[in-house]
Every structure is written in C-alpha cells, then in structure tokens.
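Engineer: Starting off with a structure, shown below.
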Amino acid sequence: MPTSKHGIEATMDYLVPYIDRHFEAQSSNTTKRPFIFGLTGLQGSGKSTWTDAFVKRLNDKHNYHTINLSLDDLYLDHDDLVNLRLPIHTTNFGSEVLIPSFDKSKFNGEGGRAPKETWQRVPAGTQIDVVIFEGWCVGFKPLDEAAIRQKWEEGLRQEAIAGYPTKTLKEHALQHLLGVNEKLRQYCDQFMGPQHLDFVFHLDTLSLVNVYEWRMQQEHALLERTGESMTDEEVVRFVRGYMPAYELYLDQMWDQLQQGFFDEKSKGRVRVFLDLDRDIQDFLVYVS
C-alpha cells in the first residue's frame with residue numbers, strides 16, 4: 001500500500017518543474033515573488049505532516065528556501081476573538097518578520113495563539129522562494145446565493161443520521177450559511193483565491209466519516225502528549241461545525257481540480273485519496 005512517503009516523492013517530481021519555471025520567468029527581476037503552494041485537505045488528514053515533509057525536501061534537496069504558514073496560525077487568540085489582528089507582525093526595528101503560530105492543544109483542544117517567543121522568525125530581507133500555505137478550506141470557492149439555497153433546500157429533505165453525520169445543512173439557518181459564504185468570498189479576494197496560488201495539492205478521502213475518526217485519533221495523541229484534548233463527544237460537535245462547508249464546497253473544488261483550478265489551467269493540481277489509516281488509495285495528477 002503506498003504511503004505518504006511515496007506520495008511526497010511523486011508530488012515532488014511534478015511540483016519542482018513548476019517552481020523552476022516560476023523563477024525562470026522572473027530571472028530578470030530584482031525582487032522575485034515567492035512560489036505559493038496551496039496545500040488543502042480534510043481535517044485530520046495529515047496536512048501538517050505532509051507540509052513538514054515538503055518543506056524539508058524543498059529546503060534540503062532542492063535548495064529552495066521554503067517556509068510554511070497554516071491557516072490555523074491566522075486564527076484569533078482564544079481570549080481575544082473579538083479583536084482583529086494582522087497575520088504577520090514585524091518587530092519595532094524591522095529586523096525580522098514573525099509568523100504567528102496556533103497551538104491546537106491549548107484549552108483542552110479548543111486551541112489558542114502560541115507564545116510569541118515560539119513563532120517562526122524570518123530575518124528581514126531574506127529571500128523566501130516557496131511559501132506552503134496549508135489549511136482545511138484552502139481551495140474552497142464561494143457559491144452564488146441560488147446555489148447555496150438549492151443545496152440547503154436539498155438538505156432539508158435528507159434524513160438525519162446519528163453518530164457521525166455528513167449531511168448537516170438542515171441544522172443551520174440559510175442566512176447563517178450565506179454569511180459564511182460571504183466571508184469565504186472575502187478570504188478568496190484577499191489571500192485564498194486562485195490568483196494568490198501557483199500550485200494546489202489536496203488530501204481527500206472516499207468517506208467523510210473518516211474526518212471524525214481522524215480527528216479523534218489526533219485528540220487521543222494530543223492527550224497523551226500534552227495532557228489536554230477534546231473528548232470524543234466534543235470532537236463530534238467540533239467536526240459537525242465544519243461539515244456544512246464540506247457539503248457546500250467540496251464537490252465544486254473536486255470539479256475545479258480536474259478542469260483547471262478556478263479555470264486557471266496553468267496551475268499544477270494534485271489530488272490524493274487516503275483511507276482510514278491514511279494510506280494512499282489513489283494519486284491523481286491533473287495535466288492541462
């Protein structure tokens with residue numbers, strides 16, 4: 001059974017030529033724009049593990065100065081949710097850039113901003129070649145209001161499933177779903193849309209129920225490591241809060257990966273299917 005190691009090497013064979021061409025096109029530029037690698041995947045699928053492996057290989061084997069930024073790292077602090085904060089902070093003397101970090105283990109698994117002294121530090125003026133931007137909803141695209149309404153109305157006719165539900169739209173008011181959709185539109189415009197990404201890598205699974213199992217596995221490991229985590233019941237409630245986004249946006253993203261990421265076919269696209277044990281079931285490379 002192929003493992004993440006095989007998938008990482010296969011992705012590198014496809015990814016590196018894209019990075020090479022990116023910098024060849026900027027050979028005459030004094031300041032070069034980093035290559036933005038969007039890594040998206042279901043919760044618990046192992047995004048951080050894959051990201052760390054890509055960072056190491058790009059730095060050590062290919063000599064591309066690579067850093068990673070997780071969408072989690074941009075979350076507001078647990079005790080300061082009402083205040084907006086800039087995602088990247090500079091010191092008073094401009095000697096370095098601090099990239100914030102979010103600690104999922106804090107507050108019994110609810111998470112909170114990690115201490116500032118643990119943030120990643122990048123000296124001012126450092127050339128960053130590749131930024132791996134990782135997040136559970138990176139690649140999601142907002143829908144128009146009619147599409148949201150249609151999906152919601154279809155959800156009203158679906159029977160509720162006990163246990164680990166993957167059909168949850170009927171549990172939410174239409175206006176709440178439209179509000180989330182508008183926020184997603186803003187995020188895409190500002191930093192998550194296709195115009196900001198050069199390559200898209202997606203960790204997928206054949207059953208969304210696996211998301212519950214994966215997250216529970218992570219919380220159990222977190223409890224052993226830190227003494228803090230969510231209970232299984234809290235994990236179910238937590239994942240259910242994210243499930244509507246999967247129901248609304250995943251099928252569209254799957255189509256876009258195959259057809260061309262948000263109709264931009266020049267961008268590299270890889271989709272990896274994982275089973276419950278996170279072994280690779282299928283590995284798809286989309287070539288336009």
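So the sequence shown is numbered by UniProt numbering: it starts at 1 and just counts up by one. Yeah, the Cβ is synthetic: ideal placement off N, Cα and C, and Gly gets one too.
(1) When you compare only the Cα positions, how much space is there between G44 and A245?
(2) Judging by CA-CA distance, which residue of C137, Y242 and Q281 is the nearest neighbour of C188?
(3) To test your reading of the DSSP string, which unbroken beta strand (DSSP E) runs of 3 or more residues are found completely within the stretch 22-70?
(4) Does DSSP put T205 in a helix, in a strand, or in coil?
(5) Are the CB atoms of F54 and N63 within a distance shorter than 9 Å?
(6) Go ahead and pull the three-state DSSP assignment for V236.
(7) Between Q195 and M253, what straight-line distance do the alpha-carbon atoms span, to the nearest angstrom?
(8) Nearest to residue 289 by CA position, among S229, E228 and G193, is which residue?
(9) Apply the 10 Å Cβ neighbour rule to L206 and answer buried if 16 or more other Cβ atoms are within range, or exposed otherwise.
(10) With H, G and I counted as helix, E and B as strand and the rest as coil, what does DSSP make of Y164?
(11) At the level of alpha carbons, what is the spacing between R237 and D198?
(12) Using the DSSP secondary-structure output, state which residues sit across from G135 in a beta bridge.
(13) What whole-angstrom Cβ distance do G38 and G139 have, given they're in contact under 8 Å?
(14) On a Cα-Cα basis, can you pick out the residue from A160, Q281, E213 and Y164 that is closest to R240?
(15) I8 and V130 look like a contact to me (Cβ under 8 Å); what is the Cβ gap, rounded to whole Å?
(16) Taking just the CA atoms, how far does L178 sit from L143?
(17) Determine, using beta-carbon pairs with one atom in the stretch 12-27 and one in the stretch 217-227, whether at least three such pairs fall under 8 Å.
(18) Please check the pair G135 and S70, which I expect to be a contact at CB under 8 Å, by giving their CB distance rounded to whole angstroms.
(19) Using only alpha-carbon positions, find the residue among L58, H6, E171 and E228 that is nearest to K151.
(20) Classify T66 as buried or exposed, calling it buried when 16 or more other Cβ atoms lie within 10 Å of its own Cβ.
(21) With R278 as the anchor, note down where its beta strand (DSSP E) starts and where it stops.
(22) Mapping DSSP to helix, strand and coil, what is F191?
(23) Going by DSSP, what residue range makes up the alpha helix (DSSP H) through L197?
(24) Going straight from the alpha carbon of T51 to that of I132, what length do you get?
(25) Nearest CA to the CA of V185: which residue from Y242, K141 and T226?
(26) Spatial neighbours of L81 within its chain, please: CB distance less than 8 Å, with the 5 preceding and 5 following residues excluded, ordered by chain position.
(27) Output needed for E247: all residues of its chain with C-beta closer than 6 Å, excluding positions within five of it in sequence on either side, in chain order.
(28) I need the DSSP call for V287, collapsed to helix, strand or coil.
Structural biologist: This is what the structure gives:
(1) Start at 1 with the first residue of the sequence shown, and residue 44 comes out as number 44. Start at 1 with the first residue of the sequence shown, and residue 245 comes out as number 245. Computed Cα separation, rounded: 15 Å.
(2) For the purposes of this step, residue 188 is identified with residue 188 of the sequence shown, where counting begins at 1. With distances taken between Cα atoms, C188 lies closest to C137.
(3) 35-41 and 66-70
(4) Translated into the one-based positions of the sequence shown, residue 205 becomes position 205. Here T205 sits in strand by DSSP.
(5) Within the sequence shown, numbered from 1, the residue matching residue 63 stands at position 63. Within the sequence shown, numbered from 1, the residue matching residue 54 stands at position 54. Contact: no.
(6) Residue 236 sits at position 236 when you count from the first residue of the sequence shown. In the structure shown, V236 sits in a helix (DSSP, three-state: H, G or I).
(7) By 1-based counting over the sequence shown, the position of residue 195 is 195. By 1-based counting over the sequence shown, the position of residue 253 is 253. So the two alpha carbons sit approximately 15 Å from each other.
(8) This structure does not reach residue 289, given that the chain is present from 1 up to 288, and the question cannot be answered.
(9) One-based indexing of the sequence shown puts residue 206 at position 206. Classification for L206: exposed.
(10) Locating residue 164 in the sequence shown gives position 164, counting from the first residue. Three-state DSSP puts Y164 in coil, outside helix and strand.
(11) Taking the first residue of the sequence shown as position 1, residue 237 is located at position 237. Taking the first residue of the sequence shown as position 1, residue 198 is located at position 198. So the alpha carbons of these two residues sit roughly 34 Å apart.
(12) As a first step, residue 135 is located in the sequence shown; it is residue number 135 there, counting from the start. Answer by DSSP bridge pairing, in chain order: T40.
(13) Here residue 38 refers to the residue found at position 38 of the sequence shown. Here residue 139 refers to the residue found at position 139 of the sequence shown. Right, their Cβ atoms sit about 6 Å apart.
(14) Here residue 240 corresponds to residue number 240 of the sequence shown, with the count starting at 1. Taking R240 as reference, the option from A160, Q281, E213 and Y164 with the minimal CA-CA separation is Y164.
(15) Taking the sequence shown and counting its residues from 1, the one referred to as residue 8 is at position 8. Taking the sequence shown and counting its residues from 1, the one referred to as residue 130 is at position 130. Contact doesn't hold; Cβ gap of about 15 Å is too wide.
(16) If you number the sequence shown from 1, residue 143 lands on position 143. If you number the sequence shown from 1, residue 178 lands on position 178. Rounded to whole angstroms, L143 to L178 spans 9 Å at the Cα level.
(17) Contact annotation: the stretch 12-27 does not touch the stretch 217-227, with fewer than three C-beta pairs closer than 8 Å.
(18) Locating residue 135 in the sequence shown gives position 135, where the first residue counts as 1. Locating residue 70 in the sequence shown gives position 70, where the first residue counts as 1. Contact annotation, G135 with S70: C-beta distance approximately 6 Å; criterion of less than 8 Å satisfied.
(19) The count along the sequence shown starts at 1 and reaches residue 151 at position 151. Looking only at L58, H6, E171 and E228, the smallest Cα-Cα distance to K151 is reached by E171.
(20) Within the sequence shown, numbered from 1, the residue matching residue 66 stands at position 66. Counting the other CB atoms within 10 Å of its CB gives T66 a total of 16 or more, which places it among the buried residues.
(21) On the sequence shown, residue 278 is found 278 positions in, with the first residue counted as 1. Taken as a continuous stretch (DSSP letters only), R278 belongs to no beta strand (DSSP E), as it is neither H nor E.
(22) For the purposes of this step, residue 191 is taken as the residue at position 191 of the sequence shown. F191 falls in the helix class under three-state DSSP.
(23) Start at 1 with the first residue of the sequence shown, and residue 197 comes out as number 197. Counting along the chain, L197 falls outside any alpha helix (DSSP H), and DSSP gives it neither H nor E.
(24) To locate residue 51, count along the sequence shown from 1; it is residue 51. To locate residue 132, count along the sequence shown from 1; it is residue 132. Spanning the two alpha carbons is a distance of roughly 7 Å.
(25) Counting from one through the sequence shown, the residue named residue 185 turns up at place 185. Checking the displayed sequence, the identity of residue 185 turns out to be Arg instead of Val. Nearest Cα to R185 within the set Y242, K141 and T226: K141.
(26) Looking up residue 81 in the sequence shown gives position 81. Note that L81 scores 34 on pLDDT, short of 50, meaning its location in the model is unreliable and no value can be drawn from it.
(27) In the sequence shown, the residue the question calls residue 247 occupies position 247. Here the set comprises L169.
(28) Position 287 of the sequence shown holds residue 287. Here V287 sits in coil by DSSP.
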